[in-house]
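Reviewing the structure listed below.
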């Protein structure tokens, strides 16, 4: 009798969970779009863009001279960048360049499954042909993450359930008309800068090793690695701790004299004005178009 009661209680929950999982998986998904897109474009891709959100929002493949694809993703850590590159590099016969933004927003974070946006780990396991990462079942179902479920349901209820990724992997959601002046207030800028420095240098050694492996992969496949910093507003730069600036500078300096790599810094580029930014450290679609055209000319991309 008791077993029957347990079944009657659990079965509806399982049905609800399964229905929710199916619903979430059928919603627009940037990771699936990117995986399908790079598979279609693989024979012609000459430039592959990887990294976190600064690469994703800032570099628009359609404005580059070479055939390019943007595989960067929000909060994607350097070890995941390496995993993505390892997954695809052998399948890109025309690849000449790998472009990555390396700065305070990516250099100090723990591996994705251990960080404050760990829920994104599930997206790689479900929608991309990369090796499984993280623990099962925590990162095997979207419904297993309240953050993921809340984000997608919120987007659905607001009528904004769109992946906002174009056919070349570039994020199109940071439009000029959605720019919020409040995000440029001094306290917000300081909070954002300190968020990127919250872990200190604890994870820096592991990230430097991942970056080295990315470089080694590029050398192995005779591909040029281009390490960039992307434009940010001056107040964000000022708000970062000095140790963060020193760590980024030291990292970039270590690669300046190496073969098969080019380092270019644009964080303090005065060609960008506040109107080019969606928030203190991300370009909007106007700024991304400007930045991509600069890369086109200055790095022959």
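Residue numbers (our numbering): 1031 to 1331. Positions of the beta carbon are idealized from the N, C-alpha and C atoms, including for glycine. Values in this document were obtained by computation on a predicted structure and should not be read as measured data.
{"Item": "4-residue-minimum alpha helix (DSSP H) runs that sit fully inside the segment 1054 to 1103, ordered along the chain", "Value": "1060 to 1071, 1083 to 1088"}
{"Item": "CB-CB length for residue 1265 against residue 1216, believed under 8 Å", "Value": "7 Å"}
{"Item": "Every unbroken beta strand (DSSP E) within the segment 1261 to 1301, with a cutoff of 3 residues, ordered by chain", "Value": "1291 to 1295"}
{"Item": "Contact belief for residue 1146 with residue 1240 at Cβ below 8 Å, rounded distance in angstroms", "Value": "The pair is not a contact, with the Cβ atoms about 19 Å apart (cut-off 8 Å)."}
{"Item": "Per-residue DSSP class, three states only, for residue 1309", "Value": "strand"}
{"Item": "Beta-carbon spacing of residue 1261, residue 1317 below 8 Å", "Value": "yes"}
{"Item": "Presumed contact (8 Å Cβ cut-off) between residue 1157 and residue 1062, rounded CB distance", "Value": "4 Å"}
{"Item": "Minimum C-alpha distance to residue 1297 - residue among 1179, 1133, 1319, 1153", "Value": "1133"}
{"Item": "Contact the segment 1317 to 1330 vs the segment 1279 to 1286: 3+ CB pairs below 8 Å", "Value": "no"}
{"Item": "C-beta atoms of residue 1107 and residue 1089 nearer than 8 Å", "Value": "no"}
{"Item": "Span separating the alpha-carbon of residue 1138 from that of residue 1236", "Value": "9 Å"}
{"Item": "Burial state of residue 1248 (16 or more Cβ within 10 Å)", "Value": "buried"}
{"Item": "Segments of 4+ residues assigned as alpha helix (DSSP H) that fall wholly inside the segment 1110 to 1172", "Value": "1134 to 1137, 1151 to 1157"}
{"Item": "Inter-stretch contact (C-beta, 8 Å, three-pair minimum) for the segment 1116 to 1131 and the segment 1071 to 1084", "Value": "yes"}
{"Item": "Residue 1121 to residue 1095 span [Cα, whole Å]", "Value": "21 Å"}
{"Item": "Helix, strand or coil at residue 1259 according to DSSP, with G and I counted as helix", "Value": "strand"}
{"Item": "Through-space distance from residue 1258 to residue 1101, alpha-carbon basis", "Value": "16 Å"}
{"Item": "Inside the segment 1227 to 1259 only - alpha helix (DSSP H) runs reaching at least 4 residues", "Value": "1234 to 1250"}
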